[in-house]
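Residue 126 in the UniProt record's numbering sits at position 126 of the sequence shown; the count goes up by one each step and never skips. Glycine included, C-beta positions come from ideal geometry on N, C-alpha and C.
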Amino acid sequence: MVLMMTLPGTAIITCGDEISPTAVSAVLIKSSELYLKYPSKTHLSFCQENQRRWRALFRSLSRTRTHEEALLFAIRPLAYLRSWACAHFLVMLHFGSEPVSLDPDWAPSLPERGVFVTSTGLDRFGSVSLRSINLQPHEAVVIKLYEADNQA
């Protein structure tokens, strides 16, 4: 929910999203375990408390989104890192309508190079310098990162 509410564009919420059904089912499982330890607590009280927390988070995000233009209109690309063991992937999403060249120092802690895995245009291939990435309007790319001595 936090990611969806902080992305550019209109956040589409359906009835129940603010309660997080997956979180409620996780709480039911955890509350079953807790019930064995603390029989005075009920499933209902755990679920109600969890729903209150999710609604409070939803209200906070909604309020912040309506007052902060950066969350509504920012055109800077969104980038995040996904890692497992020694594999690292950089995912970049550009929501703007104009091409953008990223500042060479935008992420100094990342390796200097990577290999394109895929892109929305399916036209990005081979090695890329992370210091000189250009993104097209509404483009998303996935890059596998590697150190200079490790060629993927």
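Taking the alpha-carbon of residue i as reference, which of the options has the nearest alpha-carbon?
i, options, result
"residue 142", "136, 132, 115, 131", "115"
"residue 56", "1, 11, 71", "1"
"residue 85", "8, 107, 146, 132", "146"
"residue 100", "77, 107, 88, 87", "77"
"residue 87", "52, 104, 111", "111"
"residue 9", "52, 66, 49", "66"
"residue 75", "5, 133, 98", "98"
"residue 105", "132, 14, 64", "132"
"residue 3", "51, 53, 61, 90", "61"
"residue 89", "52, 130, 49", "130"
"residue 63", "48, 107, 11", "11"
Can you check DSSP and say which residues form a bridge with residue i?
i, result
"residue 78", "93"
"residue 88", "83"
"residue 57", "None, per the DSSP bridge assignment."
Starting from residue i, trace the beta strand (DSSP E) in both directions and tell me its first and last residue.
i, result
"residue 145", "140–146"
"residue 116", "113–119"
"residue 127", "127–129"
What first and last residue would you give for the alpha helix (DSSP H) that runs through residue i?
i, result
"residue 5", "2–6"
"residue 71", "69–73"
Short of 8 Å in beta carbon distance, which residues of its chain neighbour residue i, apart from the five on each side in sequence? Order them along the chain.
i, result
"residue 128", "113, 114, 115, 116, 143"
"residue 126", "115, 116"
Please list, in chain order, all residues of the same chain as residue i whose beta carbon is under 7 Å from its beta carbon, the five residues on each side excluded.
i, result
"residue 103", "none"
"residue 109", "none"
Going by beta carbon distance, what residues of the same chain come within less than 6 Å of residue i, once the five residues before and after it are set aside?
i, result
"residue 7", "none"
Check your understanding: Using 8 Å as the Cβ pair cut-off and three pairs as the minimum, do the segment 129–147 and the segment 90–104 touch?
Key -> yes
**Study point:** Touching by the beta-carbon criterion (3+ pairs, under 8 Å), the segment 65–84 and the segment 117–131
**Key:** no
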